[in-house]
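The structure appears below as C-alpha cells.
Protein chains: 2
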Amino acid sequence: MKAEIITIGDEILIGQIVDTNSAWLSEQLNLIGIEVYQITSVHDSREHILKAIGEASKNADIVLITGGLGPTKDDITKATLCEYFNTKLVLNEQVLSWVKDILEKRGIKISELNRNQAMVPECCTVIPNGAGTAPCMWFEKNNTIFVSMPGVPFEMMHITENEILPRLKKTGKTESIYHKTVLTYGLPESVLALTIEAWEDALPPFIKLAYLPGNIVVKLRLSAYGTDHEFLKAEVEKQISALKNIIPEYIFGFDNDTMAGIIGEKLTSLGCTLSVAESCTGGNIAHFITSNPGASVYFTGSVVAYSNKIKRQVLDVKAESLEKYGAVSEQVAREMAAGVKKRMGTDYGVSTTGIAGPDGGTEEKPVGTVWIAVAGKHETIAKKFNFRQNRERNILRSTQTALNLLRSLIIKENQ
Amino acid sequence: MKAEIITIGDEILIGQIVDTNSAWLSEQLNLIGIEVYQITSVHDSREHILKAIGEASKNADIVLITGGLGPTKDDITKATLCEYFNTKLVLNEQVLSWVKDILEKRGIKISELNRNQAMVPECCTVIPNGAGTAPCMWFEKNNTIFVSMPGVPFEMMHITENEILPRLKKTGKTESIYHKTVLTYGLPESVLALTIEAWEDALPPFIKLAYLPGNIVVKLRLSAYGTDHEFLKAEVEKQISALKNIIPEYIFGFDNDTMAGIIGEKLTSLGCTLSVAESCTGGNIAHFITSNPGASVYFTGSVVAYSNKIKRQVLDVKAESLEKYGAVSEQVAREMAAGVKKRMGTDYGVSTTGIAGPDGGTEEKPVGTVWIAVAGKHETIAKKFNFRQNRERNILRSTQTALNLLRSLIIKENQ
Numbered sequence: 084m085k086a087e088i089i090t091i092g093d094e095i096l097i098g099q100i101v102d103t104n105s106a107w108l109s110e111q112l113n114l115i116g117i118e119v120y121q122i123t124s125v126h127d128s129r130e131h132i133l134k135a136i137g138e139a140s141k142n143a144d145i146v147l148i149t150g151g152l153g154p155t156k157d158d159i160t161k162a163t164l165c166e167y168f169n170t171k172l173v174l175n176e177q178v179l180s181w182v183k184d185i186l187e188k189r190g191i192k193i194s195e196l197n198r199n200q201a202m203v204p205e206c207c208t209v210i211p212n213g214a215g216t217a218p219c220m221w222f223e224k225n226n227t228i229f230v231s232m233p234g235v236p237f238e239m240m241h242i243t244e245n246e247i248l249p250r251l252k253k254t255g256k257t258e259s260i261y262h263k264t265v266l267t268y269g270l271p272e273s274v275l276a277l278t279i280e281a282w283e284d285a286l287p288p289f290i291k292l293a294y295l296p297g298n299i300v301v302k303l304r305l306s307a308y309g310t311d312h313e314f315l316k317a318e319v320e321k322q323i324s325a326l327k328n329i330i331p332e333y334i335f336g337f338d339n340d341t342m343a344g345i346i347g348e349k350l351t352s353l354g355c356t357l358s359v360a361e362s363c364t365g366g367n368i369a370h371f372i373t374s375n376p377g378a379s380v381y382f383t384g385s386v387v388a389y390s391n392k393i394k395r396q397v398l399d400v401k402a403e404s405l406e407k408y409g410a411v412s413e414q415v416a417r418e419m420a421a422g423v424k425k426r427m428g429t430d431y432g433v434s435t436t437g438i439a440g441p442d443g444g445t446e447e448k449p450v451g452t453v454w455i456a457v458a459g460k461h462e463t464i465a466k467k468f469n470f471r472q473n474r475e476r477n478i479l480r481s482t483q484t485a486l487n488l489l490r491s492l493i494i495k496e497n498q
Numbered sequence: 084m085k086a087e088i089i090t091i092g093d094e095i096l097i098g099q100i101v102d103t104n105s106a107w108l109s110e111q112l113n114l115i116g117i118e119v120y121q122i123t124s125v126h127d128s129r130e131h132i133l134k135a136i137g138e139a140s141k142n143a144d145i146v147l148i149t150g151g152l153g154p155t156k157d158d159i160t161k162a163t164l165c166e167y168f169n170t171k172l173v174l175n176e177q178v179l180s181w182v183k184d185i186l187e188k189r190g191i192k193i194s195e196l197n198r199n200q201a202m203v204p205e206c207c208t209v210i211p212n213g214a215g216t217a218p219c220m221w222f223e224k225n226n227t228i229f230v231s232m233p234g235v236p237f238e239m240m241h242i243t244e245n246e247i248l249p250r251l252k253k254t255g256k257t258e259s260i261y262h263k264t265v266l267t268y269g270l271p272e273s274v275l276a277l278t279i280e281a282w283e284d285a286l287p288p289f290i291k292l293a294y295l296p297g298n299i300v301v302k303l304r305l306s307a308y309g310t311d312h313e314f315l316k317a318e319v320e321k322q323i324s325a326l327k328n329i330i331p332e333y334i335f336g337f338d339n340d341t342m343a344g345i346i347g348e349k350l351t352s353l354g355c356t357l358s359v360a361e362s363c364t365g366g367n368i369a370h371f372i373t374s375n376p377g378a379s380v381y382f383t384g385s386v387v388a389y390s391n392k393i394k395r396q397v398l399d400v401k402a403e404s405l406e407k408y409g410a411v412s413e414q415v416a417r418e419m420a421a422g423v424k425k426r427m428g429t430d431y432g433v434s435t436t437g438i439a440g441p442d443g444g445t446e447e448k449p450v451g452t453v454w455i456a457v458a459g460k461h462e463t464i465a466k467k468f469n470f471r472q473n474r475e476r477n478i479l480r481s482t483q484t485a486l487n488l489l490r491s492l493i494i495k496e497n498q
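So the protein sequences, as listed, match chains A and B.
Each residue of the first sequence is one higher than the one before, starting from 84 at the first, in the working numbering.
Each residue of the second sequence is one higher than the one before, starting from 84 at the first, in the working numbering.
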C-alpha cells in the first residue's frame with residue numbers, strides 16, 4: 084500500500100514552522116508496512132488543495148491530509164473537501180456535543196466559530212478527536228482512502244495512534260517492512276562505501292541499503308521488504324552480523340542510540356565513573372553526557388577551564404607545561420585529563436584543549452587544532468586533530484571525537 | 084517571483100529525518116520577497132524526481148532542489164538532472180581540485196567515488212560548496228532557474244547564504260522588503276499580544292507583524308513592503324522605538340542576537356568577567372556562552388558539579404546546607420554562585436541546581452523544580468522555577484532563564 088501526505092498551511096511555506104507532522108506520520112506508516120510516496124506542503128488555498136489531493140489520489144491508496152481545520156477564516160480545508168467529494172456541510176450533533184464538552188471544561192462559552200467546527204461533509208465518517216475540538220474526517224472514493232486531520236501535532240498524533248493506524252491495519256492491505264539502522268563513527272562516507280562494497284553488492288535483492296551521512300556519524304539503514312516479518316528481521320540481523328565482522332571498530336550503536344547514551348550504558352553496567360575537563364568544547368561534552376537520564380549514576384562533573392589560571396588551579400596543570408608547550412598541546416591535554424580524574428576521584432577522565440576559532444589560530448596551530456586526552460584505569464591516550472572548520476562545527480566534532488575516544492578506551496580496558 | 088522547493092531522499096519519506104531544510108529555505112526566500120508556492124518531498128527515484136521538477140517548473144520561477152548529491156550509489160539526482168536538461172556529465176577540473184583540497188586537509192586519499200563528485204552536467208553553472216565536497220549546480224531553462232544543492236543542512240545553508248541569495252537578488256525581480264525581528268523574553272505569547280495590542284492595531288498597513296513563538300523566546304517580526312528601502316527601514320525603526328517604551332524590560336535583542344551573545348557584548352564592554360557553577364544544566368550554560376567567539380575575554384570557566392561531593396570540594400558549598408536544605412535549594416544555589424565566583428575570581432557567578440527529570444522528583448520538589456542564583460558585584464539574587472517539562476526542555480529553559488537573570492543583574496548593576 085502506498086500513501087501520500089499533504090500538509091496544509093501558509094505558516095509552513097513562509098518557514099514560520101517546521102513540518103514535523105510529515106516525518107512522524109511517515110515513520111508510523113512505514114512501521115506498519117505502508118510506503119509513503121510523496122509529501123506535499125501547500126497553501127491555505129482552494130485551488131492548491133484541490134490540485135494536491137487530485138495529484139495524490141493518482142499514486143496513493145491512502146491520502147493523509149493535515150491542517151486547515153481551525154475555526155478561523157483562513158482555514159478552508161473542510162469547504163474544499165466538500166467540493167472535491169461533491170457533497171455539502173451538515174451539522175453533526177455528536178461533534179457539537181464534544182466541542183461543547185471540551186469548551187465547558189476549559190470554562191469557555193461556545194461561539195459561532197466553535198459551532199462551525201461541528202459542520203462536517205455529509206459523505207464522511209467522523210472520527211473522534213480525543214485531544215481537541217476539530218473533528219477528523221475519513222473519506223473513501225474509487226478505492227482510495229482520504230483522511231483529514233488537524234495540524235496541531237499533539238492532536239494529529241493522538242488521532243493517528245488511537246484511530247487511524249488501527250483502522251488502516253484492519254484493511255489487511257499493509258505490507259511487512261523491517262528497518263534497522265547501523266550507526267558508524269570514524270570513516271568518511273566515501274571510505275566507508277569502499278570498505279563495505281563487497282558486502283553491499285552481496286545483499287539480497289529484498290534488502291535495500293541507504294547511506295545517511297550526518298555531520299560526523301554515518302548511518303547505514305537496511306530495509307527489508309516482504310511478507311514474513313520474522314524472516315525479514317532474521318535476514319537483516321544476519322547481514323548486520325556480517326557487517327560487524329568487516330568494520331567492528333566503527334560501529335557504535337543502532338537506530339536511536341547516541342554516543343553519549345552508549346557510553347552511559349557501558350559505565351553504568353561496569354560501575355565506573357567519569358569526569359571531564361573541557362577547554363575548547365566549553366561545556367558541550369558535559370552537556371551531551373548529562374542529556375541522558377540517569378547520568379548522575381556515573382557522571383561526577385566537569386571543569387570548563389577556559390583560562391590557564393583555572394587549568395592550573397583547579398586541574399593541577401603544571402605552569403611549566405603551559406609555558407613550554409602552550410595550552411593546546413599533548414602535555415596539557417594529558418595533565419587536564421589526569422587532573423580532573425584525580426580531583427573528582429573517577430575511573431575515567433576526558434579532556435579537550437584546542438582552538439575553536441574564528442580567532443586564535445597560528446601557522447603552527449591553525450583554527451581547528453585540538454588535542455584530546457582520555458585517562459583510563461590503566462593508561463592515558465592522547466590524540467591531535469585538525470578539524471579546520473567553523474567554531475560551531477569544531478566544538479561539535481571535538482565533542483563527538485572525545486566521546487568516541489572515551490568509548491574506545493572503555494571497551495579496550497574492559498574486554 | 085515564485086519558488087518551489089523539492090527535497091529528495093528516501094530518509095525523509097520513511098520519517099527518519101525531519102525536513103528542516105524546507106522551512107529554513109522558505110524563510111530565507113520570503114525575507115527577500117520570493118513567495119514559496121509548494122514544498123515537495125520525493126524519493127531517490129529517477130521517475131519521481133523528473134515528475135516533481137516538471138510539475139514545479141509549471142508554477143515557479145525558481146526551483147530549489149536539495150539532496151541526493153552524495154558520492155554513493157543511491158544518490159541519483161545528478162544523472163536525473165542530466166536527463167531533464169538533455170545534457171551529459173562532464174569532469175569539472177575546478178570541482179576536482181576542491182574535492183582534492185578538502186580531502187587532503189582531512190588526510191584522505193581521493194577515491195573513484197570522490198572523483199565522481201567532480202562530474203557535473205555540462206549545461207550547468209557550478210557554484211562553489213564552501214562547506215563540503217558535493218558541488219552546487221545552477222541551471223536556467225525557459226526563464227526558470229533551477230538550483231540543485233546538497234541536502235546536508237550545514238552545506239545547504241552555507242551555499243544559500245553565500246551564493247544563492249545574492250544571485251537571486253541580482254536578478255532584480257525581488258521586491259523591496261525590510262524585516263526586523265524583536266526578541267522578547269519573559270512574557271508568554273498570549274500575554275505579550277494583549278500588552279502590545281494597541282501598538283499592533285496602530286501599525287501602518289504596509290508593515291505586517293508576525294509572532295514567532297519559540298520554546299521560550301517570543302520573536303516579533305516586522306516586515307515592511309514597498310519600493311523605497313530607506314523609507315521602509317525608517318518606519319520600522321520608528322515602530323520599534325515605540326514598542327521599546329511599552330515593554331522595555333522584555334526586549335533583549337534583535338534579529339540574530341542570542342542571549343549569550345548579548346551578555347558577552349555587555350561583559351566585554353564593561354571589562355567584567357564571568358564564571359558558572361552548574362548542576363541540572365550539566366554544562367549547557369557554559370556551552371551557550373562559549374559558542375560565542377571571543378568568550379575567553381570574559382569567561383573564565385564553569386564547574387559542572389553533578390555530585391554533592393564536587394559541590395562541597397570544588398565550590399565550597401557547606402555540608403550543613405546540603406544536609407539541611409537539600410541540593411535543590413536556595414541556600415545551595417546561592418553558595419554555588421558565590422563559590423564559583425570566589426574560586427575563579429570573577430565579577431559575576433551564575434548557578435543552577437534542580438531536577439531535570441525524568442527521575443528524582445518528589446511531591447515537594449517535582450521534576451522541573453530549579454533554583455537559579457546570580458552573584459553580582461554588589462548583590463546575589465536567587466529565584467525558584469517550576470518548569471515541569473521533559474529533561475531536554477527543563478535543561479534548555481533553565482539555561483535560558485539563568486542567562487536572562489544574569490543579563491538583568493548586569494544591566495541593573497551597571498546603569
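Glycine residues also receive a C-beta, built at the ideal position from the N, C-alpha and C atoms.
Quick check on DSSP: helix, strand or coil for Thr155 of chain B?
Thr155 of chain B: coil per DSSP, three-state reduction.
Please tell me whether Ala369 of chain B and Val387 of chain A are closer than 8 Å, where the distance is taken between their beta carbons.
Yes, the pair counts as a contact, with Cβ atoms nearer than the cut-off.
Where does the unbroken beta strand (DSSP E) through Asn226 of chain B begin, and where does it stop?
Looking at the DSSP string, Asn226 of chain B is not in any beta strand (DSSP E), and its letter there is neither H nor E.
Using a Cβ-Cβ cut-off of 8 Å, state whether Ala293 of chain A counts as contacting chain B.
Closer than 8 Å: yes.
Excluding the 5 residues flanking Leu295 of chain A on each side, which residues of the same chain have their C-beta closer than 8 Å to its C-beta?
Within the same chain, Leu295 of chain A has close Cβ partners Thr264, Val301, Lys302, Leu303 and Arg304.
What number of angstroms, rounded off, separates the C-alpha of Glu79 of chain A from the C-alpha of Thr149 of chain A?
Here chain A has residues from 84 to 498 only, and residue 79 of chain A is not among them.
With DSSP collapsed to three states, give me the class of Val101 of chain A.
Three-state result, Val101 of chain A: coil.
If you pair each beta-carbon of the segment 219-234 of chain A with each one of the segment 135-146 of chain A, do three or more pairs fall below 8 Å?
With the cut-off at 8 Å, the segment 219-234 of chain A and the segment 135-146 of chain A touch.
What's the C-alpha gap between Leu315 of chain A and Ile334 of chain A?
Going by the C-alpha atoms only, they are around 22 Å apart.
Beta carbon of Arg471 of chain A, beta carbon of Pro441 of chain A: below 8 Å?
Contact: no.
In terms of residues, what are the limits of the beta strand (DSSP E) holding Lys465 of chain A?
The displayed chain sequence assigns Ala, not Lys, to residue 465 of chain A. Segment Thr463 to Asn469, the beta strand (DSSP E) holding Ala465 of chain A.
So with CB distances below 9 Å, who are the chain B contacts of Thr123 of chain A?
Correct list: Gln121, Ile122, Thr123 and Ser124.
Any beta carbon of chain B sitting closer than 8 Å to that of Trp454 of chain A?
For Trp454 of chain A, the answer is no, since every Cβ of chain B falls outside 8 Å of its Cβ.
Does His312 of chain A have its Cβ less than 8 Å from a Cβ in chain B?
No, His312 of chain A lies away from the interface with chain B (no Cβ there is under 8 Å from its Cβ).
Taking 7 Å as the line, does the beta carbon of Cys207 of chain B fall inside it for any heavy atom of the ligand ADP?
As presented, the structure is devoid of all ligands, the ligand ADP included, so that no description of it is given.
Using 8 Å for Cβ pairs, my map puts Val423 of chain A next to Ala360 of chain A. What's the rounded Cβ distance?
Correct: roughly 4 Å between the Cβ atoms.
Per the DSSP calculation, Arg507 of chain B is bridged to which residue(s)?
Residue 507 of chain B lies beyond the range of chain B shown here (84 to 498); nothing can be said about it.
Given a cut-off of 8 Å on the beta-carbon distance, is the pair Leu479 of chain B and Val457 of chain B in contact?
No. Outside cutoff.
Output yes if chain A places a C-beta closer than 8 Å to the C-beta of Trp107 of chain B; else output no.
Output row for Trp107 of chain B: interface = yes.
Distance, Cα to Cα, Ser128 of chain A vs Cys207 of chain A?
Looking at the two C-alpha atoms, the distance is approximately 21 Å.
Near Ile100 of chain B, which residues of its chain fall below 7 Å by C-beta distance, leaving aside the five closest residues on each side in sequence?
The residues are Glu94.
Is it buried or exposed, Gly213 of chain B, if we count other Cβ atoms within 10 angstroms and call 16 or more buried?
Exposed, by the Cβ-count rule.
Does Glu528 of chain A get closer than 8 Å to chain B when you measure Cβ to Cβ?
Any property of residue 528 of chain A remains undetermined from this structure, which presents chain A solely from 84 to 498.
Pull out every residue of the segment 383-399 of chain A whose Cβ sits closer than 9 Å to any Cβ of chain B, in chain order.
The segment 383-399 of chain A vs chain B, Cβ under 9 Å: Thr383, Gly384, Ser385, Val386, Val387, Ala388, Tyr389, Ser390, Lys392, Ile393, Lys394, Gln396 and Val397.
Give the residues from the segment 216-238 of chain A that approach chain B closer than 9 Å (Cβ to any Cβ), ordered along the chain.
From the segment 216-238 of chain A, no residue has a Cβ closer than 9 Å to chain B.
Whose Cβ in chain B lies nearer than 8 Å to the Cβ of Asn487 of chain A?
Result: empty, since nearest Cβ-Cβ is about 16 Å, beyond 8 Å.
If we ignore side chains and look at the alpha-carbon of each, how far apart do Gly397 of chain A and Phe468 of chain A end up?
For clarity, residue 397 of chain A is Val in the given sequence; the question names Gly instead. C-alpha separation (whole angstroms): 25 Å.
Does the contact criterion of 3 or more C-beta pairs under 8 Å hold for the segment 271-285 of chain A versus the segment 243-251 of chain A?
The answer is no - the segment 243-251 of chain A does not touch the segment 271-285 of chain A, with fewer than three Cβ pairs under 8 Å.
Any C-beta of chain B within less than 9 Å: which residues of the segment 368-382 of chain A qualify?
Under the 9 Å Cβ criterion, the segment 368-382 of chain A contributes Ile368, Ala369, His370, Phe371, Ile372, Thr373, Ser374, Asn375, Pro376, Gly377, Ala378, Ser379 and Phe382.
Between Phe382 of chain A and Leu405 of chain A, is the Cβ-Cβ spacing less than 8 Å?
No. Outside cutoff.
Looking at the structure shown, is Gly137 of chain A part of a helix, part of a strand, or coil, going by DSSP?
Gly137 of chain A: helix per DSSP, three-state reduction.
Alpha carbon to alpha carbon, how far is Gln111 of chain B from Leu186 of chain B? Give it in angstroms, no decimals.
About 31 Å.
Is it buried or exposed for Val253 of chain B, if we count other Cβ within 10 angstroms and need 16 for buried?
According to the sequence shown, residue 253 of chain B is Lys rather than Val. Counting Cβ neighbours within 10 Å, Lys253 of chain B comes out exposed, since fewer than 16 surround it.
Looking at the strands, I want to know which residues DSSP matches up with His262 of chain A.
DSSP lists A:Ser306 as partners of His262 of chain A.
Out of curiosity, what's the CA-to-CA distance linking Ser434 of chain A and Glu166 of chain B?
When rounded, the distance between both Cα atoms is 52 Å.
Under 8 Å Cβ to Cβ from Gly443 of chain B, same chain only, skipping five residues before and after it: list those, please.
Within the same chain, Gly443 of chain B has close Cβ partners Val450.
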